[in-house]
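Residue 1 is where the sequence shown starts when you use my numbering, and the numbers rise one by one after that.
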Amino acid sequence: MDSNDLYSFIKLIECGTFTSASKVLGISQPALSQKIAKLEDQLQTTLIIRNPRSIELTSSGSELLMYSKSILEQEESFLGQYNQYDRELKGKLRIASFSSIMRSLIIPKVSGFMKSHPLVDVEFIVAEVVDLIDILKANRADIIILDYSCQLSRIETFVVGKEEYVVIESTKHKNIPDIYFDHGEHDNATQTYFNFQGESFKKRRGFMGDVYGIIDAVALGLGRAVMSKHMIVGDKRFKIIKKKKRYFRDLEICYYKRDYYSPIMKKVLEQLNSI
Numbered sequence: 001m002d003s004n005d006l007y008s009f010i011k012l013i014e015c016g017t018f019t020s021a022s023k024v025l026g027i028s029q030p031a032l033s034q035k036i037a038k039l040e041d042q043l044q045t046t047l048i049i050r051n052p053r054s055i056e057l058t059s060s061g062s063e064l065l066m067y068s069k070s071i072l073e074q075e076e077s078f079l080g081q082y083n084q085y086d087r088e089l090k091g092k093l094r095i096a097s098f099s100s101i102m103r104s105l106i107i108p109k110v111s112g113f114m115k116s117h118p119l120v121d122v123e124f125i126v127a128e129v130v131d132l133i134d135i136l137k138a139n140r141a142d143i144i145i146l147d148y149s150c151q152l153s154r155i156e157t158f159v160v161g162k163e164e165y166v167v168i169e170s171t172k173h174k175n176i177p178d179i180y181f182d183h184g185e186h187d188n189a190t191q192t193y194f195n196f197q198g199e200s201f202k203k204r205r206g207f208m209g210d211v212y213g214i215i216d217a218v219a220l221g222l223g224r225a226v227m228s229k230h231m232i233v234g235d236k237r238f239k240i241i242k243k244k245k246r247y248f249r250d251l252e253i254c255y256y257k258r259d260y261y262s263p264i265m266k267k268v269l270e271q272l273n274s275i
């Protein structure tokens, strides 16, 4: 298969629509459609399902996506061996995770690698935990870090650490409203924490968008929160409300299995091996 066609296929999945992908590739939509049709004809299978405003990968399309990325990375790595003027690592890697560990744990872990390899572009994507697997499946990230176990097929996973959760409230403010803050409707950290303690959770909920919004709200005495302990250790604005049992969640790295992993991928995975 033509590597240019494979590259166009990857960009189509990343962009999500033929309109956006054709602009990125600098070709017309009919030309892009012909490239996809050519791949489908070569493989004798349907690769994508065209919806009115989006596209969806078939199982064969998912397999080709992983194959395409592996082939193009191998080609880039091989050709790089013969460029005597360009020995430095360069390329792009995308890491997606949730807000409570991205700024405080993941970026610091990768920062040394980024300083040593300035031509490597590492993109950090913050998203809700419930959206991370879809981000990986849609090829919008190469690596995701979850706080639960990923059950997808063809996924490589390993646990890199644990995150402890505690209940916090302001040390400064009195008469704190009986409300608990989460990121949004789908954030189940508070509910899961109280279930683990064997307590029924029937409190009011408030939503602050991300972990830093939650921290600010609790510091202002607007309510309480179930928070990652590492986010508030040493911060005198907060006190921890002790419960019967300590509650931890595993942090798990997930990425698609491939026959070939780029040097960038290998080195970043080494950096993230223990968070």
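Note that CB positions come from ideal geometry on N, CA and C, so glycine has one too.
Here the C-alpha atom of Ser3 lies approximately 7 Å from the C-alpha atom of Leu72. If you look at Ser28, you'll find it isn't in any alpha helix (DSSP H); DSSP assigns it neither H nor E.
Inter-residue distance for Ile168 and Ile240 is about 5 Å (C-alpha atoms, whole angstroms). Its chain contains Ile145, Leu251, Glu252, Ile253, Leu272, Asn273, Ser274 and Ile275 as the residues whose beta carbon lies nearer than 8 Å to that of Val160, once the 5 sequence neighbours on both sides are disregarded; these appear in chain order. When Glu40, Lys35, Gln34 and Lys257 are compared, the shortest CA-CA separation from Met66 is found for Lys257. Proximity to Gly234 across Gly206, Thr171, Leu57 and Met208 peaks at Thr171, based on C-alpha coordinates.
Across the structure, Ile13 and Leu39 are spaced so that their CA atoms are roughly 14 Å apart. The region 94-102 makes contact with the region 127-140: 3 or more CB pairs, one atom from each, lie closer than 8 Å. When the Cα atoms are used, Lys115 and Ile214 turn out to be separated by approximately 31 Å. Taking C-beta separations shorter than 8 Å and ignoring five residues to either side along the sequence, the partners of Asp216 in its chain run Met208, following chain order.
Per the coordinates, the alpha-carbon of Phe78 lies some 30 Å from the alpha-carbon of Thr45.
The beta carbon of Gln197 lies closer than 8 Å to those of Lys243, Lys244, Lys245 and Tyr247 in the same chain, with the five residues before and after it left out. Residue ranges of uninterrupted alpha helix (DSSP H) with 4 or more members, entirely inside the region 81-124 and ordered along the chain, are 107-116. In this structure, Gly206 sits near Ile179, with a CB-CB distance shorter than 7 Å.
Bridge partners of Val126 according to DSSP: Ser97. Shown here, Thr192 sits in a helix according to DSSP, grouped into three states. Taking 7 Å as the cut-off, the beta carbon of Lys229 is found no closer than this to the beta carbon of Val126. Restricting attention to Phe18, Gln74, Ser62 and Ala31, the CA atom closest to the CA of Arg53 is found in Phe18. Beta-bridge analysis with DSSP links Cys254 to Ile144 and Thr157.
When only Cα atoms are considered, Leu152 and Phe201 end up about 31 Å apart.
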